[in-house]
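Taking it in order: structure first as structure tokens, then the write-up.
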Amino acid sequence: MLLIFLSSGLFMGWSLGANDAANVFGTAVSTKMIRFRTAALICGLFVIIGAVISGAGAAYTLGELGSVNAIAGSFMVTLAAAITVFWMTELGLPVSTSQAVVGAIIGWNLFTGSVTDYSSFTKIVSTWILCPLLAAFFSIILFLVLRLILNKLKIHLLRLDMYTRVGLIVVGAFGAYSLGANNIANVVGVFVPVAPFNDLDLFGIVKLSSTEQLFFLGALSIAVGAYTYSRKVMETVGGSLLKLSPETALVVVLAESLVLFLFSSAGLESFLINHGLPSLPLVPVSSSQAVVGAVIGIGLIKGVKGIKYSVLGGIAAGWVATPIIAAVIAFVSLFFLQNVFDQEVSRKNIFQITDQVIVYLRQEGINDTGLIEVKNKEFRNSTRFQTTIKEKTKLNDAELRKVFESSKREEFHIDVMIIKQKIDPNWFTPEQINSLNSLADQTYDYKWQVWNELERITTEWKFKVEKPENRIYNKDLKAKREYINRIFLMEAVEAEEKQ
Amino acid sequence: MAILFKTTKQLESQIDDYLDAVSQGALVFSQAVKNYVENDQVNFKERMKVMTDLEHKADQLRRTIENRLYVQTLIPEQRGDVLGLLEHTDDVLDTMKETIDEFDIENPFVPVELNLKFIELTAMSIQSAEALVMAERAFFKNVSAVKDHLHKIYFYEKEADRIGNAIKRQAFAMDMDLSKKFHVRYFALRIQNVSDRAEDVADRLAIYTIKRTI
């Protein structure tokens, strides 16, 4: 069963490779600087390296898919996103796979009646506008700088050709590396807790954990996608939108990589913070949208007549359509999956404000008599629960969210076997692991109960004060806590299913 | 990557060698014409041989360069332009060689009064060829300097035409057989053709240069 579910992740990887390889090598291939096969091979190789090395570090973060709380639901959401991206690839349109995933999740939210965080909408829309603008800006600047340098340096035509080729390969390789590293979580991250592989020992030299094998498989699917199906989108990005020269092809990929590096690199952020420098805001950026923006930037500076507006319009329509189509496909497919195939696509949450919850909320500074009115009442619909609380109390949005989270009844069972198998001593500290062991075999009804206990045992589960220098620590701790939530919750569900 | 670097360096030097051959051809051509009009048959024959070798060498280089450019898929955008450039430059060298051969075969009678003018005409013609070689070197390395050389080609071509016309006028005003006058006119024209071919290449080069400007 798990392997069927994993197939959607692999299809997602394939679609991602087919669509996103163009962002990295599209301009190089369409300007005939690099042969398609060579580009696809380099892309595939570095995607795999990026995914296995860097991605493993982010092995425990799911990207957006973390909010889907049942494996069948994850399967469908991933499949819906993958189909959408595949469709757009068929049309030759470069689109954002992350936005397809978010769209599919929104479809899942709508289907399961879960609360949708509408800020993800505004995030997507702002990306459509900000990201290409930033990329265009950078590509114009880089183009002018390059022109200045080339006029001064007087390089031989053939030498310049060679340098451009080398530049395109190097930048492309780095781009492929970060493609693998940044996207592998969306492809197979959600299957990490349920990876069906045993640790592999290759000739006693290399040990591959189950997670690393999973990531390798996911990355391989991306590489295959790039090799087999990325040509169409490459032609659009590198040729159909605007006729590029080899030098401008290099400027485009440089600008795109720069935007991605400056505005979404956690590595850069930590470097700046560690050296007491102001860090850049982490704007959500999409490599597909950045590359299109960079091409437009070149078009603007070389003469707007060169840009094929019909192609640009098609691309923009693709961006808008992607999350919408993914949401619709997800919604419809989930219906079939649940009602026809009888699969649990989401865990039904029960919301109940008990005495314990009220005491806890009081400790957190939330004290409203309206809560007592709904004490012990069971709500099985999250939207109805939210509306009721809103009506009965005078709490603000932040407080309402706290009440919502604290009232969600989820069974947590701290299984000793899971601690042994799924808690990586390289990621969690000994104190953290000991604290988990001390709660072995305990069951809790509410998430906050687990965390209250753990924080009481050791301060290593507590978040540090919200300061720039603590940002990385808190981010890592958040990922750890989410991982803990997932593994002890999922297993509880599976234990129920087994019974 | 190392192979690419090696190929690039080799090609760069081959293009240089090709342009060197054209430039040398021009010098040899001017000396050959001087030897002929001064009746120095020994040196003339030697120059003719050197000319043949240079033209052959240039042809081989040209074919190698073109072949390599396409096999290695180098400079995809400018490949066609470079190909055209090399081939039309070859026309300049071919014209020089053919003219020398014709001097040898047809053995025209050049009146002594026209010797200096013939030498001057040849000098002007090869100046345009020299300027062309400079312009082409600049095309590969220093695009902004191409224009500086192009206008010289046009100037020398005009000068060659002027001197050529003066030769023809003077020849037809002389007291000699009509056939000899025609012969003199033909050879003056042939030497002028060298600068005409150079001008043809210059016109193309002007367009290729615009295309190369980033």
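Quick note, the sequences are listed as chains D and X, same order.
Convert by adding 6 to the 1-based position in the first sequence; the result is the number in our numbering.
Convert by adding 23 to the 1-based position in the second sequence; the result is the number in our numbering.
All C-beta atoms in this analysis are idealised placements derived from N, C-alpha and C, irrespective of residue type, glycine included.
(1) Please confirm whether G187 of chain X and Q150 of chain X have their CB atoms less than 8 Å apart.
(2) Kindly indicate if chain X contains any beta-carbon less than 8 Å away from that of R237 of chain D.
(3) Unbroken beta strand (DSSP E) runs of length 3 or more, entirely within the stretch 448 to 490 of chain D: which are they?
(4) Verify the CB distance criterion: does E21 of chain X have a CB-CB separation below 8 Å to chain D?
(5) Sort D:F52, D:T360, D:T393, D:I372 by Cα distance to N382 of chain D and report the nearest one.
(6) Based on DSSP bridge pairs, tell me the residues matched to K414 of chain D.
(7) Is the Cβ of I129 of chain X closer than 8 Å to any Cβ of chain D?
(8) Residues of chain D with a CB under 9 Å from the CB of L212 of chain X: which are they?
(9) For E459 of chain D, which option in D:F469, D:E472, D:S444, D:K473 has the closest C-alpha, if you only look at C-alpha atoms?
(10) If I measure Cβ to Cβ from L264 of chain D and keep anything under 7 Å in the same chain, skipping five residues before and after, which residues do I get?
(11) Near P134 of chain X, what residues of its chain come up, given a Cβ to Cβ distance below 8 Å and the 5 sequence neighbours on each side ignored?
(12) Could you tell me the alpha carbon to alpha carbon distance between T118 of chain D and L223 of chain D, rounded to whole angstroms?
(13) Establish whether the CB of N243 of chain X and some CB of chain D are separated by less than 8 Å.
(14) Helix, strand or coil for V212 of chain D per DSSP?
(15) Determine the direct distance from the alpha carbon of T33 of chain D to that of T170 of chain D, and round the result to whole angstroms.
(16) Could you list which residues in chain D have their beta carbon closer than 7 Å to that of S167 of chain X, in chain order?
(17) Can W114 of chain D and A336 of chain D be called in contact, C-beta distance under 8 Å?
(18) With C-beta atoms as the reference, is G23 of chain D less than 8 Å away from F197 of chain D?
(19) What residues in its chain sit with their C-beta under 8 Å from that of L250 of chain D, if we drop five residues either side in the sequence?
(20) Going by DSSP, name the residue or residues bridged to F385 of chain D.
(21) The alpha helix (DSSP H) with L97 of chain D in it runs from where to where?
(22) For P252 of chain D, count neighbouring C-beta atoms within 10 Å of its own C-beta (all shown protein chains included) and say buried if the count is 16 or more, exposed if not.
(23) Let me make sure I understand the geometry here. Which of X:V217, X:D113, X:A55, X:V105 has the alpha-carbon closest to that of D43 of chain X?
(24) With 8 Å set as the bound, which would you pick, yes or no: does the beta-carbon of T37 of chain D sit closer than that to a beta-carbon of chain X?
(25) Can you tell me whether R237 of chain D is buried or exposed? The criterion is at least 16 other CB atoms within 10 Å of its CB, across all chains shown.
(26) Ignore the nearest five residues each way along the sequence and tell me which others in I307 of chain D's own chain have a CB closer than 7 Å to its CB.
(27) So who's on the other strand from H419 of chain D, going by DSSP bridges?
(28) Leaving aside the five residues before and after G312 of chain D along the sequence, list all residues of the same chain whose C-beta is less than 8 Å from its C-beta, in chain order.
(29) Are the C-beta of T31 of chain X and some C-beta of chain D separated by less than 8 Å?
(30) Rank X:L106, X:K29, X:R192, X:K68 by C-alpha distance to the C-alpha of D82 of chain X and give the top, closest one.
(31) Among D:V291, D:A229, D:N387, D:W454, which has the Cα closest to the Cα of Q369 of chain D?
(32) From what residue to what residue does the alpha helix (DSSP H) around D1 of chain D run?
(33) Can you have a look at E96 of chain D and say buried or exposed, based on whether 16 or more other CB atoms are within 10 angstroms of its CB?
(34) Along the chain, where does the alpha helix (DSSP H) containing Q295 of chain D start, and where does it finish?
(35) In angstroms, rounded to a whole number, what distance separates the CA positions of Q505 of chain D and E417 of chain D?
(36) Can you name, in chain order, every residue of its own chain whose Cβ lies under 7 Å from the Cβ of E405 of chain D, other than the five neighbours on each side?
In short:
(1) The residue you call residue 187 of chain X lines up with position 164 of the second sequence. The residue you call residue 150 of chain X lines up with position 127 of the second sequence. No, these two residues do not count as a Cβ contact at 8 Å.
(2) Here residue 237 of chain D refers to the residue found at position 231 when the first sequence is read from its first residue. So, not an interface residue.
(3) 449 to 452
(4) Only positions 24 to 237 of chain X appear in this structure, which leaves residue 21 of chain X out of reach.
(5) Your numbering for residue 382 of chain D matches position 376 in the first sequence. Closest by alpha carbon: D:T360.
(6) On the first sequence, residue 414 of chain D is found 408 positions in, with the first residue counted as 1. In DSSP, K414 of chain D forms a bridge with D:F357.
(7) The count along the second sequence starts at 1 and reaches residue 129 of chain X at position 106. It is worth fixing the name first, because residue 129 of chain X is Glu in this sequence and not Ile. For E129 of chain X, the answer is no, since every Cβ of chain D falls outside 8 Å of its Cβ.
(8) The residue given as residue 212 of chain X occupies position 189 in the second sequence. Residues of chain D passing the Cβ test: none, with the nearest at roughly 35 Å.
(9) As a working note, residue 459 of chain D is residue 453 in the first sequence. Considering only alpha carbons, the answer is D:S444.
(10) Position 258 of the first sequence, counted from the start, is the residue given in the question as residue 264 of chain D. Contacts found: F144.
(11) Counting from one through the second sequence, the residue named residue 134 of chain X turns up at place 111. Hits under 8 Å: A194, M197, M199, V207.
(12) Here residue 118 of chain D refers to the residue found at position 112 of the first sequence. Here residue 223 of chain D refers to the residue found at position 217 of the first sequence. If you take the alpha carbons of T118 of chain D and L223 of chain D, they lie about 30 Å apart.
(13) In this structure chain X extends from 24 to 237, so residue 243 of chain X is not present and cannot be described.
(14) For the purposes of this step, residue 212 of chain D is taken as residue 206 along the first sequence, with counting starting at 1. Note: V212 of chain D maps to strand in three-state DSSP.
(15) Working through the first sequence from its first residue, we reach residue 170 of chain D at position 164. Working through the first sequence from its first residue, we reach residue 33 of chain D at position 27. Spanning the two alpha carbons is a distance of roughly 12 Å.
(16) Working through the second sequence from its first residue, we reach residue 167 of chain X at position 144. Correct list: N157.
(17) On the first sequence, position 108 is the one that residue 114 of chain D refers to. On the first sequence, position 330 is the one that residue 336 of chain D refers to. With contacts defined by Cβ atoms closer than 8 Å, W114 of chain D and A336 of chain D form a contacting pair.
(18) To locate residue 23 of chain D, count along the first sequence from 1; it is residue 17. To locate residue 197 of chain D, count along the first sequence from 1; it is residue 191. No.
(19) Counting from one through the first sequence, the residue named residue 250 of chain D turns up at place 244. Counting only Cβ-Cβ distances below 8 Å, and skipping sequence neighbours, we find T33, S36, T37, G244, V258, V301, I304.
(20) The residue labelled residue 385 of chain D in the question sits at position 379 within the first sequence. Looking at the DSSP assignment, F385 of chain D forms a beta bridge with D:F357.
(21) In the first sequence, the residue the question calls residue 97 of chain D occupies position 91. L97 of chain D -> no alpha helix (DSSP H), and no H or E assigned at all.
(22) Along the first sequence, read from residue 1 onward, the residue named residue 252 of chain D stands at position 246. Its Cβ being crowded by 16 or more others within 10 Å, P252 of chain D is buried.
(23) Reading the second sequence from its first residue, position 20 is the one you call residue 43 of chain X. Ranking X:V217, X:D113, X:A55, X:V105 by Cα distance to D43 of chain X puts X:D113 first.
(24) Here residue 37 of chain D refers to the residue found at position 31 when the first sequence is read from its first residue. Judged by the 8 Å Cβ criterion, T37 of chain D is in contact with chain X.
(25) Reading the first sequence from its first residue, position 231 is the one you call residue 237 of chain D. By the neighbour-count rule (16 or more Cβ atoms within 10 Å), R237 of chain D is buried.
(26) Mapped onto the first sequence, residue 307 of chain D falls at position 301. These residues qualify, in order along the chain: I146, F149.
(27) Indexing the first sequence from 1 puts residue 419 of chain D at position 413. D:T449.
(28) What you label residue 312 of chain D is simply residue 306 of the first sequence in a count that begins at 1. Counting only Cβ-Cβ distances below 8 Å, and skipping sequence neighbours, we find L248, K249, G305.
(29) Position 8 of the second sequence holds residue 31 of chain X. Chain D contact via Cβ: present.
(30) Working through the second sequence from its first residue, we reach residue 82 of chain X at position 59. The shortest Cα separation from D82 of chain X among X:L106, X:K29, X:R192, X:K68 belongs to X:L106.
(31) Indexing the first sequence from 1 puts residue 369 of chain D at position 363. Minimum Cα distance to Q369 of chain D is reached at D:W454.
(32) What the structure shows of chain D is the stretch from 7 to 505, and residue 1 of chain D is not part of that stretch, so it cannot be assessed.
(33) Locating residue 96 of chain D in the first sequence gives position 90, where the first residue counts as 1. The residue in question, E96 of chain D, is exposed, as its Cβ has fewer than 16 Cβ neighbours within 10 Å.
(34) Counted from its first residue, the first sequence places residue 295 of chain D at position 289. Unbroken alpha helix (DSSP H) run through Q295 of chain D: 293 to 308.
(35) Indexing the first sequence from 1 puts residue 505 of chain D at position 499. Indexing the first sequence from 1 puts residue 417 of chain D at position 411. Interpretation of Q505 of chain D is limited by its pLDDT of 44, a score under 50 that renders its predicted location unreliable; the figure taken from the coordinates is listed afterwards. If you take the alpha carbons of Q505 of chain D and E417 of chain D, they lie about 15 Å apart.
(36) Here residue 405 of chain D refers to the residue found at position 399 when the first sequence is read from its first residue. Closer than 7 Å at the Cβ level, and outside the excluded window around E405 of chain D, lie I372.
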